[in-house]
Amino acid sequence: MEATGPGARRSTPLILSAPAALLFASLILTPLLLTALLSFNEFEHATGRTHGFTVGHYLAVLTDEYYLEIFLRTFRVAALATAICVIVGVPEAYILSRMRNPWRSVFLLVVLAPLLVSVVVRAFGWSMLLGPEGPINAALVALGIGRVRMLYTEWTVIVALVHVMLPFMIIPVWTSLQKLDPAVEQAALSFGASRATAIVRVVAPQILPGILSGSLIVFGLSASAFAIPGLLGGRRLKMVATVVYDQYLSDLNWPMGATVAVLLLAANLVVMLTYHRVVEGHYRRRLG
Amino acid sequence: MTRNGPVALFFHTLVVLFMLAPLVIVCLVAFTPENTLSLPTRGLSLRWFEAVFHHPDFVQSFWNSLWLALLSATLAVALAVPASLAITRWEFPGRGFLNGLFLSPLIIPHLVLGVAMLRLFALVGATGSFGWLVAAHIVIVTPYVMRLLIAAITGFDRSVEHAAYSLGASEATVFRRVTLPMILPGVTGGWLIAFINSFDELTMSIFITSPSTVTLPVRMYMYATESIDPMMAAVSAIIIGITVVAVLLLDRVYGLDRILVGQK
Amino acid sequence: MSFLELRDITKRYGTLNAVSDVTLSVEKGEFVSLLGPSGCGKTTTLQMIAGFVDVTAGSIRLDGRDITHAKANSRGLGIVFQSYALFPHMTVYDNVSFGLEMQRVPKSDRKDRVEEALGLVHLSAYAGRYPRELSGGQRQRVALARAIVIRPPVLLLDEPLSNLDAKLREAMQFELRDIQRKVGTTTVMVTHDQAEAFSISDRVVVMEAGRITQIDEPYRIYEHPETEFISRFVGKTNMLPGTVQTVNGGYASVSLAGVPVEVEAPGVALGETLTLCIRPEKLRLAGAGQGRLPGRVSVRYFLGSQWLYHIDGPLGTLMAVTPNDGSAPLDVDMPVGIDWSPSVVRVHRGVMAEAPDPALEAE
């Protein structure tokens, strides 16, 4: 229905959205533009001044082995975290969707609510669980295996990332499971399909968009995660986010930090937009 | 409906344990009487909670975070209500762009937003300003509010407003007496989720806070990178407590599954 | 001068005419229904009267006043929406009282009038409830009370009964008419349900593709449909194609597959093709060998108060409806004779396409 009579003036929506639009223009668009410009500034180590124009930072980041290793590690960690989230999150969402209330609501809350607890708290929790005096090491000692150094390794970062990211995988998969007509699975079974065949041939294709969109969110957030690698990766296990932090707040080399940040943003946007164009378009057509 | 088999339930139990373990251990350690991070084996103690309340930095950061979250959530709602109405109810040039812009903080890493705002604040001389910090937080929490509001307004039966008009109500009266009360669950749900997100935010804030405006998560991060003692566990337990209260409230006013998973 | 007058009103969306040149006069106290399939423009017409949709051309006058471009909130009409559109956050009492509050009726008067309106719809005991605590029929009555409490000059009903189940719908039809008679409000109702339109309206306006095709009393629309569309949309009809054999004054003898039938058909020519329309309930089933046409029962459906038969014969399959008088029905495969009295035959010139079931088309 058209917006008629009351408030049909053309300027109304512009007036209504103007305050938010102004704020977002000045605090999203402007700073991003400034940062992009900053990444092309030269940096004087002696004085800390920035001026002029150079593509040197980009060349440095893209050729220096130090940065390449960090980018590589970041993407490796993010990819592994994403893979584990798929392996754990998809079956869990399916199990949750087959539960009956009140269990379903209770466990949905239990699995999703940690999302709302500060990531610093969760990182701290993992550092205690996996620390040398933590319950896991205590158990290993009790079993006669002896202490294992778990903190400040890639796997610790990955485990904690999975903990933080799992809800982001479960939510879209759960959503697509909700849209699924349970009778469809029953129909497959009634035609003589086995439970496994029904899941693979009937359920899986329909929740694939959910899995893909979950993977995308998890990968994007993992690749730019800061608190987890910062607190559990320590000084030596650097990732992209912690490097940006160090460049800005320790080395004070803002142009270099801006360069890494711009590259991170670009990588994120490329992944998101590719997904949107290719996958969503394809599935929208098929699954409405 | 078919039941979950024993394998599925075992798997589910492991997932639940995995999700809860770090939170549970934090809450347990917070009550330790020892000086080290250890489980309270010799009775419970509140000494580390006392330590938190006598630590001026933490107390100040707590108030900073609370004010920041209250202000940014409230202002985000004030901006998001008219903007969501504009986007859902009118077709106008630039609508798609604005919609994308308003939701963009969800896909731009907070790290990038942090360094970008740091640059802007440095240029305009706003570094360390609480007001600008609030503005930055409004930007990152507004999309959460807008998502709920857009869902609320889209699922809205316009004929209810038409009924009010036909009974002689003015535009302002219809908004105040009919539209607003009907989207109120979305508004309060959005406010709470914005509050939680602002209160928890670390990655962007760490770049744009100054010693006087440091928020609680930033303070905790700084503290944890230097020393780790049970006081961190006590602070964390307090935060978990606040979050649980907020989550229960959220569940009451809007339904948590609706917020996290979207409307059915 | 009529109480509510639509003159040549037209609504155009881009190049599409949703409503074209609709002219309609409604008398004070009259109950008029706009009847037609979905997309025929009846709802758009109602919304133009209500003021929710702008009129592209033409004028609307209410009690002598031009309201074509008046704002919806200044027309003072009572509207019952298809979805009822009750205010979900207000009690039944507050819902009904809202319009009076907007008219700045003093609080003491408001109370009396709300109670009176709730009494009229038998909901006095439910004043403190919220809409979600009511059944569909009760919500419908709250919507009605809310609309009539402001004593509107015209009551507009937009498919008011379509969300109710069949039994309730029938009961509400009569209740609606009862209440309308009591308060005497001029009423315009939109519906796609012909039974609803026929049973409670003084006059029915049939609309098709944005235009009015017939305005008449319900029984006249049923018995004398003016267009092929109406005879198909309104009720079921047997359509028998035939050729004019002889013409005699205003009468003609038409050959239906070799069987000559006398009909009143002034002005037809020899050899012209005609279609004879006969309603199923006007066919009489007699014993084999009697009547005008032979036939054989192919299917029968039990409708409770009636039997519906499909009879195969020389003209194809005909539908016949007979009242259920308690005796045993005809068996399938039983030969019968089909008869009718000449006065029930409606003649259309030309060939008419096979009528699709209007019920399947309506929604």
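Each protein sequence line maps, in turn, to chains L, G and X. Yeah, the first sequence ends on 288 if you go by the UniProt record's numbering, and it's all consecutive. Yeah, the second sequence ends on 264 if you go by the UniProt record's numbering, and it's all consecutive. Yeah, the third sequence ends on 363 if you go by the UniProt record's numbering, and it's all consecutive. For every residue, glycine included, the Cβ atom is placed at its ideal position computed from N, Cα and C. All of these numbers come straight from a predicted model, not from anything done at the bench.
Could you compute how far the alpha carbon of residue 123 of chain G sits from the alpha carbon of residue 257 of chain L?
So the alpha carbons of these two residues sit roughly 17 Å apart.
Starting from residue 157 of chain G, find everything on chain X with Cβ-Cβ shorter than 7 Å and list it in chain order.
Within 7 Å Cβ-Cβ: 83, 85.
Report, in whole angstroms, the separation of the C-beta atoms of residue 254 of chain L and residue 248 of chain L, which I expect to be a contact under 8 Å.
About 6 Å; that satisfies the 8 Å criterion.
Thinking C-alpha only, which one of X:73, X:95, X:231 is nearest residue 214 of chain X?
Ranking the options by Cα distance to residue 214 of chain X, first place goes to X:231.
Identify every residue that forms a DSSP beta bridge with residue 9 of chain X.
DSSP output for residue 9 of chain X lists X:22 as bridge partner(s).
Starting from the N-terminal side, write out each stretch of the alpha helix (DSSP H) that is 4 residues or longer and does not extend beyond the segment 329-355 of chain X.
Segments of the alpha helix (DSSP H) lying fully in the segment 329-355 of chain X: there are none.
Can you tell me which of L:276, L:231, L:220 puts its alpha carbon nearest to the alpha carbon of residue 264 of chain L?
Considering only alpha carbons, the answer is L:220.
If contacts are defined as beta-carbon pairs under 8 Å, then residue 165 of chain X and residue 190 of chain X qualify, I think. What distance do you get, rounded to the angstrom?
At roughly 20 Å, the Cβ-Cβ gap does not stay under 8 Å, so residue 165 of chain X and residue 190 of chain X are not in contact.
Our contact map puts residue 141 of chain G next to residue 78 of chain G with C-beta atoms below 8 Å; I'd like the distance itself, whole angstroms only.
Actually they are not in contact, since the Cβ atoms of residue 141 of chain G and residue 78 of chain G sit about 12 Å apart, beyond 8 Å.
Where does residue 16 of chain X sit, in a helix, a strand or coil, going by DSSP?
Here residue 16 of chain X sits in strand by DSSP.
For residue 10 of chain G, does the three-state DSSP call read helix, strand or coil?
In this structure, residue 10 of chain G counts as helix in the three-state DSSP scheme.
Thinking just about the alpha-carbon of each residue, which of L:241, L:82, L:226, L:203 is nearest to the one in residue 214 of chain L?
Considering only alpha carbons, the answer is L:82.
Using a Cβ-Cβ distance under 8 Å, would residue 103 of chain X count as near chain G?
Answer yes: the Cβ-Cβ gap between residue 103 of chain X and chain G drops below 8 Å somewhere.
What would DSSP say about residue 74 of chain L, mapped onto helix, strand or coil?
Residue state, collapsed to three classes: helix.
If you pair each beta-carbon of the segment 142-159 of chain X with each one of the segment 83-94 of chain X, do three or more pairs fall below 8 Å?
Contact holds: three or more Cβ-Cβ distances are below 8 Å.
Does any residue of chain G have a CB that is nearer than 8 Å to the CB of residue 226 of chain L?
Yes, residue 226 of chain L counts as interfacial toward chain G.
Any contact of the segment 158-172 of chain G with the segment 85-101 of chain L, i.e. 3+ C-beta pairs under 8 Å?
With a cut-off of 8 Å, the segment 85-101 of chain L and the segment 158-172 of chain G do not count as touching, because too few Cβ pairs lie within range.
Note down the Cα distance separating residue 279 of chain X from residue 237 of chain X, rounded to an integer number of angstroms.
Those two C-alpha atoms are separated by around 5 Å.
Would DSSP call residue 41 of chain L helix, strand or coil?
Residue 41 of chain L: coil per DSSP, three-state reduction.
Out of X:133, X:102, X:61, X:36, state which residue places its alpha-carbon closest to the alpha-carbon of residue 204 of chain X.
Ranking X:133, X:102, X:61, X:36 by Cα distance to residue 204 of chain X puts X:36 first.
Just mark residue 179 of chain L as buried or exposed, buried being the case when its beta carbon has 16 or more other beta carbons within 10 Å.
Per the 10 Å Cβ criterion, exposed.
Are there 16 or more other CB atoms within 10 angstroms of the CB of residue 42 of chain L, so buried, or fewer, so exposed?
Exposed, by the Cβ-count rule.
Could you name the residues of chain L that residue 57 of chain G contacts, counting a contact when the two beta carbons are closer than 8 Å?
Those within 8 Å of residue 57 of chain G in chain L number zero; the least Cβ separation is about 15 Å.
Assess, as a yes-or-no matter, whether the segment 45-62 of chain G is touched by the segment 231-245 of chain G under the definition of 3 or more beta carbon pairs within less than 8 Å.
Flag = yes, the segment 231-245 of chain G and the segment 45-62 of chain G touch.
Would you mind working out which of L:133, L:74, L:36, L:191 sits nearest residue 237 of chain L, comparing C-alpha positions?
Residue 237 of chain L has its Cα closest to that of L:74, out of L:133, L:74, L:36, L:191.
Can you grab the Cα-Cα spacing for the pair residue 264 of chain G / residue 108 of chain L, in whole Å?
With a pLDDT of only 38 at residue 264 of chain G, under the threshold of 50, the placement of this residue in the model should not be trusted; the figure read from the coordinates follows. Each residue's alpha carbon lies about 15 Å from the other.
On the CB-based measure, 16 or more other CB atoms within 10 Å of its CB, does residue 109 of chain G come out buried or exposed?
Flag for residue 109 of chain G reads buried.
Closer than 9 Å between beta carbons: that is the criterion. Which residues of the segment 109-123 of chain G meet it against chain L?
Per Cβ criterion, the list reads 109, 110, 111, 112, 113, 114, 115, 116, 117, 118, 119, 120, 121, 122, 123.
Closer than 8 Å, CB to CB, is residue 189 of chain G near chain X or not?
No - not a single Cβ of chain X is within 8 Å of the one on residue 189 of chain G.
Residue 50 of chain X versus chain G: which residues are under 8 Å apart at the beta carbon?
Per Cβ cutoff of 8 Å: 162, 166.
Do you know offhand how far residue 273 of chain G's Cα is from residue 91 of chain X's?
Outside the modelled stretch of chain G, which goes from 1 to 264, sits residue 273 of chain G, for which no answer is possible.
Determine the burial state of residue 270 of chain L: buried for a count of at least 16 other Cβ atoms within 10 Å of its Cβ, exposed for fewer.
The residue is exposed, with fewer than 16 neighbouring Cβ atoms inside 10 Å.
On the three-state DSSP scale, how would you describe residue 121 of chain X?
In the structure shown, residue 121 of chain X sits in coil (DSSP, three-state: anything other than H, G, I, E or B).
Please confirm whether residue 98 of chain X has its beta-carbon closer than 8 Å to some beta-carbon of chain G.
For residue 98 of chain X, the answer is yes, since a Cβ of chain G falls inside 8 Å of its Cβ.
Mapping DSSP to helix, strand and coil, what is residue 239 of chain X?
Residue 239 of chain X falls in the strand class under three-state DSSP.
Tell me the residue span of the beta strand (DSSP E) that contains residue 189 of chain X.
Where residue 189 of chain X is concerned, the enclosing beta strand (DSSP E) stretches over 186-191.
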